[in-house]
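J.: This is the structure I want to talk about, given as structure tokens.
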Amino acid sequence: MKRSPEKNTAQHSRKRIVYFFTIMLLNIAGIISCKQPDQNSSSPHTIQTKAVPDPAPSQNIMSVAPAEPDNSVEAELSSFKVADGYKIELYASETLGIANPVAMRWDERGRLWVLCTTTYPHRELGKKPDDKLFILEDRNNDGKADTSSVFVDGLNIPLGFELGHGGVYMGQQTELVFLEDTDKDGKADKRSVLFSGFGTGDLHQTINSFTWSPGGDLFFSQGHNIYSRIETPWGIKRQNRAGIWRYRPSTGKLDNFFDWSTASVNPWGMNFDDWGNMFHKANDPPLYFSVPGLIENSKRSYLPEIGELKIKGSGLVIVRSRHMPKDLQGDFVLAGYYNNRVERMKVTEDASGFKARLVEPLVISGSRSFRPVEVCMGPDGAIYVLDWYDPIIGHYQASLRHPDRDKLHGRIWRITAVGRPLVKPPKLEDQPLPELLNQLKSSEFWIRYQVKRLLAAAPKDKVVPATIAWIQNLDPKDISYEHYLMEATGVLESHNVVNESLVIKLAKGKQPGARAYAAQAISKWLDRINDPLSTLRLLINDPHPRVRLHALVALSYIHQPQSIAIAAEIFDHPTDKFIDYAWDKTVYTLRPAWEKALQGGDIHFTKPAHLAHVIAGDPPSWMPAEQLIQLVSLRDVSAKEKTGLLLALAKTGNGVHTDFVLQQGIALKDAGLLDELSSLPPPPLSGKTTGYLTSALEAANPLPFKIAVINILNTWKIQQSGTTIGRILQDEAQPVELRAGAIQALAQLEGETAVPLLKAQAGSEKNPPALRLAALKSLSRLDLGLATTLTIEETQRNVGTVEEMLSIITPVVEQQGGIALITNQIKKQSISAGSAGLMLEALAHKGIEAPELRKQLNAIAGNHTAIPADYNSEYVNQLVKMVKEKGNAIRGEKVYMHLQVCASCHSINGKGGNIGPNLSALGRGLSPEEIAIEVLWPSQNIKEGYNRVTAETANGEIIQGIRLAEDADNIQIKTATKGNVSVRKKSLKRFEENGSLMPGGLLDGINREDIADLITYLSMLGRDKN
């Protein structure tokens, strides 16, 4: 089927509707392998250059870019800069029908299957969705697809698929379907729904990124706004928010991992290395080593990342082909859809896990429409790049019917190594089983992947004996012998056939990868292997940390009491962040088995310290204090575990053991332990312990420890400490930080009777500013009116920076009613024009909308702005005219830097804050008109994820920022001034979303010429490297 392209060269005159900055959660990618053309063929659709310049920092191309004036293949090809030693050329384009491609997979015949969705981002009213899965073929081996046919049409925004078992597995909105061509005419004629109930809360986050594991499991993922509830033969499965799914066709079992977006808000793209280690790519910058989290439970712990891109990207392929040079072997190649690049990372071992380092990209494009969304290896050893081709790649940022959305184009590019022969893949279709099995020895991953897929689809009664015979004919002296065994194990796994002797042989292998894979196989066959715990005990004590990690993950699947006792033996060896992560999830998932056995005395640990490791994170509430005390006393328990045990002990018996806790050696130096204890209800303390805490303030202890002691005396209201705290406050030789803590402690101990003291301290000229501010902070909770008066006075004491002004006004403005009191007070107390200007900027830093207060401060500062209070199109048009005629970016940069609040929230080329969107390439995503609207009226369009939230606590404190995360007990809020703040839900009096974090009025007092220069500067970001 062919389709004529249209050149879209006309500029749209309609104003684009664009939200402020952009989050691209496009979730379009996948992985796998990619046909063998002639390396020396010439083509007008080929480009080769000598080198890629070093990438500029934070090239953050926005997801809504102006349309390209020329959408031809030639124009896009000329935009590429290719790394030295490589060549890029066109494999297929929209002439074969592939507009807006989202996923691609190769079959054993070297045909490329391509999934396209022109329906995205939303079906048009009265029009049936008609997305398609195409089959492309290069019949003359010239490196370009010649023919195109449609396997299935009438689809509605599918985002991923995989070939297997003689058909196609496809994610189709709420369903995972299996499509078959039963009459062999090249078109699907049978459709089976395997599962339904997958969420559709976000059109570009539905199930995607399908790929086969070495053992025949089908992995795929979903995004952050998706909630899935699936009925399976094994029970109901739920995935809340982003996560990864694993489907085993041989058993019908569906499992899920990384619930609640704990390993990326949008995982998109997975792959496995040669020994079955799984990796996945976030659709945001991070890359993850997935293995530590392949444990079934919904505990919200966040998987550590192993590296990241500078900006968002998706999909990954691991280069494993002799066509590519040695330097590229094993590298991860990724689709940089956001910054128009084909990225590259080097991945190396890091204890039980890995670490990744970003290096020079393979391809950089100057075209804003080049949107690589997937990369894969082809049968010829080349790297194939799937190009969505569209200046707009999301649906949050622009109208669903935006005129610049490109529904006509899509390309597939082919990257080859110059001067190196291409791979000639063997014929795989209709080959005898022994021939297919021998291809598992190939050094080409693409070949092995296709063979495993074909063997999984072949009849079980023929594949299994053929595989056993193949294993028996292998040469044990072959350097790759154990890898061949691992591949054969995967074939048997795909048919759900257990071979215990094979697993034992792998578990005793010389290669760490073989031993690690044995643990994976045991986790799948554990109910049909004799004594799997004995083998896993061997592996949990393996000399290689990654083998121990895989054994730990495997033990999480054996829900027997002794599993946790064997797992704890991992602490007889060095651990790391990956093992710690897997341990935490293993303890959680096995808890029903081990806790019941522990309570009944039916579990045995080889060392008492192993039990301490198990219970330290969350000790059972029933555990006797005497047993906790015994565990704390063990020598081979780490400080981390001791802290957990001591905290558990402090919670036991309503705090009656807190005396014991505070008298332990670790409590004498662990400020963090004291801070944790201070969050508990005040316990009964002996005079001895109270005396110890009080005397610790005057002893030669480190300052952080003394501050922690002050804090605990404060929160527990230990009245006996008042005299000592008072002495510290009056002792000018003491550190200011400690004296400031003393002020707050006295306020807590004495309540309203401390108001005169606080008033004196806040008004004392001889006191250091930090001391006065501490008094103001305490006073704001006891007498807000008096605190407001003293705050206005403090603003007149040589305040020279926005930061200083911010620290002064924060205690009052964060209390309910504080803004109104300041607004009224400045009518009575005179403040300078300079102070008024600094206060305006400080309010902006806090993200506070206070129109009446801003009006008064502008009047005092002498700011007379002509900016309309509400959006005004005529004003915008006049301003943009000035930008085009007189705007000066150099002057505009000075205006930006003068407005300190801008750089405190936003980053440009790696410099500045990170609470607001990155502006490094703002000019490539928004027009001057759109920038003007966002700067002047920030609440007109709010970028998803940047809504301001306001939390008011029971004690009147107000916290504003961006909601980062939320669980059953806490809300994490990212603030502009305090970093990330955790707020307990129980302490909330009010919580609401209310507009943009960026307040209005930031340009009050800036003349129109300066505003035009500022917009000129912002509109050049990303367009002009200078």
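At the far end of the sequence shown sits residue 1048, using my numbering, and the numbering has no gaps. For every residue, glycine included, the Cβ atom is placed at its ideal position computed from N, Cα and C.
Would you kindly check if the distance between the Cβ of Asp564 and the Cβ of Ala576 is under 8 Å?
T.: Position 554 of the sequence shown, counted from the start, is the residue given in the question as residue 576. Position 542 of the sequence shown, counted from the start, is the residue given in the question as residue 564. Not a contact, by the Cβ cut-off of 8 Å.
J.: Tell me whether Ala1034 sits in a helix, a strand or coil according to DSSP, three-state version.
T.: Stepping through the sequence shown from its first residue, residue 1034 is reached at position 1012. Reduced to three states, the DSSP call for Ala1034 is helix.
J.: Quick check: the Cα distance between Ser323 and Ala304, rounded to an integer number of angstroms?
T.: Locating residue 323 in the sequence shown gives position 301, counting from the first residue. Locating residue 304 in the sequence shown gives position 282, counting from the first residue. One C-alpha to the other measures close to 16 Å.
J.: Roughly how many angstroms lie between the CA atoms of Ile493 and Asp168, to the nearest whole one?
T.: Working through the sequence shown from its first residue, we reach residue 493 at position 471. Working through the sequence shown from its first residue, we reach residue 168 at position 146. Counting only the Cα atoms, Asp168 lies some 40 Å from Ile493.
J.: Are the CB atoms of Leu496 and Leu524 within a distance shorter than 8 Å?
T.: Within the sequence shown, the letter at position 502 stands for residue 524. Within the sequence shown, the letter at position 474 stands for residue 496. No, these two residues do not count as a Cβ contact at 8 Å.
J.: With contact counted as at least three CB pairs below 8 Å, one residue from each stretch, are the region 718-731 and the region 701-710 in contact?
T.: No, the region 718-731 does not touch the region 701-710.
J.: If we call anything under 8 Å between Cβ atoms a contact, is Ile266 one with Pro289?
T.: Locating residue 266 in the sequence shown gives position 244, where the first residue counts as 1. Locating residue 289 in the sequence shown gives position 267, where the first residue counts as 1. Yes.
J.: Would you mind working out which of Val683, Ile110, Leu158, Gly119 sits nearest Gly132, comparing C-alpha positions?
T.: Numbered from 1 along the sequence shown, position 110 holds the residue referred to as residue 132. It is Leu158 whose Cα lies nearest to the Cα of Gly132.
J.: How far does the beta strand (DSSP E) with Gln533 in it reach, from first residue to last?
T.: Within the sequence shown, the letter at position 511 stands for residue 533. Note, Gln533: premise wrong, no beta strand (DSSP E); not H, not E.
J.: With H, G and I counted as helix, E and B as strand and the rest as coil, what does DSSP make of Ala97?
T.: Position 75 of the sequence shown, counting from 1, holds the residue named residue 97. Ala97 falls in the helix class under three-state DSSP.
J.: May I ask which residues mark the beginning and end of the alpha helix (DSSP H) holding Thr557?
T.: To locate residue 557, count along the sequence shown from 1; it is residue 535. Per DSSP, Thr557 belongs to the alpha helix (DSSP H) from 554-562.
J.: Is the separation between the beta-carbon of Glu202 and that of Gly432 shorter than 8 Å?
T.: The residue given as residue 202 occupies position 180 in the sequence shown. The residue given as residue 432 occupies position 410 in the sequence shown. Not in contact: Glu202 and Gly432 (Cβ atoms no closer than 8 Å).
J.: My parser needs the beta strand (DSSP E) runs of 3 or more residues fully inside the region 980-1010; what are they?
T.: 980-988, 992-997, 1001-1006
J.: With distance defined between alpha-carbon atoms, name the residue in Thr975, Thr1038, Thr997, Arg876 nearest to Lys1008.
T.: Numbered from 1 along the sequence shown, position 986 holds the residue referred to as residue 1008. Per the Cα distances, Thr975.
J.: Unbroken beta strand (DSSP E) runs of length 3 or more, entirely within the region 443-472: which are they?
T.: Entirely contained in the region 443-472, not one beta strand (DSSP E) run reaches 3 residues.
J.: Look up His302 in the DSSP assignment and say whether it is helix, strand or coil.
T.: The residue you call residue 302 lines up with position 280 of the sequence shown. It is a strand residue.
J.: Here's the rule: buried if 16 or more other CB atoms are within 10 angstroms of the residue's CB, otherwise exposed. What is Ser336?
T.: For the purposes of this step, residue 336 is taken as residue 314 along the sequence shown, with counting starting at 1. By the neighbour-count rule (16 or more Cβ atoms within 10 Å), Ser336 is buried.
J.: Lys449: buried (16+ other C-beta within 10 angstroms of its C-beta) or exposed?
T.: Locating residue 449 in the sequence shown gives position 427, counting from the first residue. By the neighbour-count rule (16 or more Cβ atoms within 10 Å), Lys449 is not buried but exposed.
J.: If you run the structure through DSSP and keep just helix, strand and coil, what is Tyr539?
T.: Position 517 of the sequence shown holds residue 539. In the structure shown, Tyr539 sits in a helix (DSSP, three-state: H, G or I).
J.: If distances are taken between C-alpha atoms only, which option among Arg342, Tyr411, Glu371 comes closest to Thr445?
T.: Taking the sequence shown and counting its residues from 1, the one referred to as residue 445 is at position 423. Here the sequence assigns Val to residue 445, which means Thr is not the residue at that position. Answer by Cα proximity: Arg342.
J.: Do the region 814-825 and the region 846-863 make contact, defined as three or more Cβ pairs closer than 8 Å?
T.: Flag = yes, the region 814-825 and the region 846-863 touch.
J.: Along the chain, where does the alpha helix (DSSP H) that runs through Lys908 open and close?
T.: The residue given as residue 908 occupies position 886 in the sequence shown. Note, Lys908: alpha helix (DSSP H), 895-908.
J.: Pick from Met904, Ala689, Gln837, Asp412: whose alpha carbon is nearest that of Asn93?
T.: The residue you call residue 93 lines up with position 71 of the sequence shown. Nearest of Met904, Ala689, Gln837, Asp412 to Asn93, Cα basis: Asp412.
J.: Please report the distance separating the alpha-carbon of Asn733 from that of Ile740.
T.: If you number the sequence shown from 1, residue 733 lands on position 711. If you number the sequence shown from 1, residue 740 lands on position 718. Approximately 11 Å between the Cα atoms of the pair.
J.: Report the three-state DSSP secondary structure of Pro833 (helix, strand or coil).
T.: Residue 833 sits at position 811 when you count from the first residue of the sequence shown. Reduced to three states, the DSSP call for Pro833 is helix.
J.: Per the DSSP calculation, Trp435 is bridged to which residue(s)?
T.: Along the sequence shown, read from residue 1 onward, the residue named residue 435 stands at position 413. Per DSSP, Leu112, Val407.
J.: What's the call for Lys332, buried or exposed, on a 16-neighbour Cβ count within 10 Å?
T.: Translated into the one-based positions of the sequence shown, residue 332 becomes position 310. The residue in question, Lys332, is buried, as its Cβ has 16 or more Cβ neighbours within 10 Å.
J.: On the three-pair Cβ rule with 8 Å, is the region 931-940 touching the region 1031-1042?
T.: With the cut-off at 8 Å, the region 931-940 and the region 1031-1042 do not touch.
J.: What residue from Pro394, Leu860, Gln461, Met904 has the CA that sits closest to Asn361's CA?
T.: Working through the sequence shown from its first residue, we reach residue 361 at position 339. Among Pro394, Leu860, Gln461, Met904, the Cα nearest to that of Asn361 belongs to Pro394.
J.: Quick one: measure Cβ to Cβ for Glu951 and Val902, integer angstroms, because I've assumed they're closer than 8 Å.
T.: Within the sequence shown, residue 951 is the residue found at index 929, counting from 1. Within the sequence shown, residue 902 is the residue found at index 880, counting from 1. Going by Cβ atoms, the distance from Glu951 to Val902 rounds to 5 Å, so yes, they are a contact pair.
J.: Using the beta-carbon count (16 or more within 10 Å), is Glu146 buried or exposed?
T.: Working through the sequence shown from its first residue, we reach residue 146 at position 124. Exposed: under 16 other Cβ atoms inside 10 Å.
J.: Are Ala357 and Lys368 closer than 8 Å when you measure CB to CB?
T.: Residue mapping note: residue 357 aligns to position 335 of the sequence shown, counting from 1. Residue mapping note: residue 368 aligns to position 346 of the sequence shown, counting from 1. For Ala357 and Lys368, no; Cβs fall outside 8 Å.
J.: I believe Gly193 touches Asn230 by the beta-carbon criterion, under 8 Å. Please report the beta-carbon distance rounded to the nearest angstrom.
T.: Walking along the sequence shown from the start, residue 193 turns up at place 171. Walking along the sequence shown from the start, residue 230 turns up at place 208. About 6 Å separates the two Cβ atoms, so the contact holds.
J.: Figure out for me which residue from Ser312, Phe354, Gly107, Lys463 has the closest Cα to the Cα of Lys599.
T.: Residue mapping note: residue 599 aligns to position 577 of the sequence shown, counting from 1. The shortest Cα separation from Lys599 among Ser312, Phe354, Gly107, Lys463 belongs to Ser312.
J.: Determine the closest residue to Ser857 out of Ala881, Glu836, Ala872, with distance taken between C-alpha atoms.
T.: Within the sequence shown, residue 857 is the residue found at index 835, counting from 1. Comparing Cα-Cα distances from Ser857 to each of Ala881, Glu836, Ala872, the minimum goes to Ala881.
J.: From Pro456, Pro487, Ala538, pick the residue whose C-alpha is nearest to that of Val473; which is it?
T.: To locate residue 473, count along the sequence shown from 1; it is residue 451. Nearest option by C-alpha distance: Pro456.
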